[in-house]
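Numbering (full-length UniProt numbering), first residue to last: 1 to 469.
Note that CB positions come from ideal geometry on N, CA and C, so glycine has one too.
These numbers come from a predicted model, not from an experiment.
For reference, the structure discussed in these notes is given below.
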């Protein structure tokens, strides 16, 4: 009887294991019709464009998801907005639809509706037709005909290598051709303009939509979960220049992306050959890479607000320069120039012979002696305004501007002609050399030994990311 019970128990165990390992998996397999349906779902649809996302969504397909934003500010602010867009794209797996970079006559942050209207106004083809006809229009009120040749839009990929973003981090960038982004085709999200769009930065506070027009951004933000939860195929953000308003996770991927953006990716606008060639010309004229320093003086507002004379304002800036530059350069600048060709020409401000003497002195006598590439917001020819720049030239004789180098044939006067031919309409009368000058100055500074800006702006932070030579 015991043997029979053991035999029955053994047979039961065998049947049980057979059922577990054979029958259950077969019961879980889909039918042939289900298999066919599953294979269709796994065939990824071709990439869509924002113009057909609604049709794709209605057909039941998983839509490709996009987002864009409205630019504003100087180059550094627009660059910061693009960096924040990269973080958002990585976090949400959406495709970035990047508006073009505007250079010249920047406009400040505004609430979404005003920023949208401001962006829509800058279609140059429409503006030129309006200006030729002389018709009054809201666009020309925002973009006057008198300044039409003093600004331009240029695609980010013309200046930066954007392919590396997708190759290393899977961040895809689409750039809108003209006309401008149709910002009405999507869900609008802007925590700085709409109280309902985000959480309050002031914890516990109830932030209501203000009845009065906004004069400054609301203290609101979007969390990582908020960003990921946005379900519309196309999201239209307002301004993205504030990183604190769009929070992303502290993941390993985001940390790696941040390190790359702070050192090597999307940091040097060197993709336009004519720009890089012009920067090389300036760099060579000043002694070569790392043999000079870049000095940016933002003086206009100081001069307008100061009760002191221009010379007093410049003397204060000179003292600040002495306090900021490396101690070895400060000592060399403060000491008497040793017997040399430079000693004989030290008072010949703004001459080609002085430039050659400065480079020779640094190469053969004192490798610490400072040579400066000067950029300022008052005049393109500082040596003609010694009532303002005199104290600077007396403290640092070897100071030279872009205008100097063009006058002496060290830089081609029409260095942007090829860019105009490639990027613009042949009939375009935009002053490319003036409008692209900030990008050229950045490239020259990226080749320099050091960079100083007084007072500091977002450009100082941008220059800190440049690769070290």
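Counting only the Cα atoms, residue 414 lies some 43 Å from residue 188.
Residue environment analysis places residue 138 among the exposed positions, since fewer than 16 neighbouring C-beta atoms fall within 10 angstroms of its C-beta. Rounded to the nearest angstrom, the gap between the Cα atoms of residue 404 and residue 375 is 12 Å. DSSP places residue 392 in the helix class (H, G or I) of the three-state scheme. Counting only residues of its own chain and dropping the five nearest sequence neighbours on each side, residue 243 has a CB closer than 6 Å to the CB of 84.
Secondary structure in the region 285-310: the alpha helix (DSSP H) runs of 4 residues or longer, each lying completely within the stretch, are 300-305 in chain order. Restricting attention to 269, 161, 335, the CA atom closest to the CA of residue 444 is found in 269. In the three-state DSSP reduction, residue 219 falls in the coil class, being neither helix nor strand. Listed in chain order, the beta strand (DSSP E) runs fully inside the region 340-421 are 372-376, 399-401, counting runs of at least 3 residues. At a Cβ-Cβ threshold of 8 Å, residue 125 and residue 102 do not count as neighbours. Taking a 10 Å sphere around the C-beta of residue 453, we find 16 or more other C-beta atoms and assign the residue as buried. Excluding its 5 nearest sequence neighbours in each direction, residue 390 has C-beta neighbours in its own chain below 8 Å: 311, 314, listed in chain order.
For residue 454, the beta-bridge partners assigned by DSSP are 297.
Take residue 131, set aside five residues on each side of it, and the residues of its chain with a beta-carbon closer than 8 Å to its own are 140, 145, 148, in chain order. In the three-state reduction of the DSSP assignment, residue 68 falls in the strand class. Taking the CA atoms as reference points, residue 344 sits about 9 Å from residue 357.
Short of 6 Å from the beta carbon of residue 172, and not among the five residues preceding or following it, lie these beta carbons of its own chain, in chain order: 95, 166.
When beta bridges are read from the DSSP output, residue 442 appears opposite no residue. Residue nearest to residue 371 within the set 222, 330, 265 is 330 (criterion: CA-CA distance). Taking 8 Å as the cut-off, the Cβ atoms of residue 112 and residue 98 do not count as close. With respect to residue 70, residue 238 sits close: the two C-beta atoms are nearer than 8 Å. Note on residue 252: under 16 other CB atoms within 10 angstroms of its CB, so exposed under the neighbour-count rule. Following the DSSP letters along the chain, one finds residue 167 inside the alpha helix (DSSP H) bounded by residues 163-169. Around the CB of residue 334, fewer than 16 other CB atoms lie within 10 Å, so the residue is classed as exposed. Non-local beta-carbon contacts of residue 75 in its own chain, meaning distances under 6 Å to residues more than five positions away in sequence, involve 438 in chain order. When secondary structure is reduced to three states using DSSP, residue 240 falls in the coil class, being assigned neither helix nor strand. Annotation for residue 159: no alpha helix (DSSP H) segment contains it, and DSSP assigns it neither H nor E. Residue pairing by DSSP puts residue 153 in a beta bridge opposite 102.
Approximately 7 Å separates the beta-carbon atoms of residue 218 and residue 193; this is inside 8 Å, confirming the contact. Taking the Cβ atoms as the reference, residue 129 lies roughly 27 Å from residue 157, outside the contact range of under 8 Å. Note that the C-beta distance between residue 191 and residue 258 is not below 8 Å.
Residue pairing by DSSP places residue 235 opposite 67, 187 in a beta bridge. Ranked by how close their Cα comes to the Cα of residue 346, the residues 327, 295, 369 have 369 in first place.
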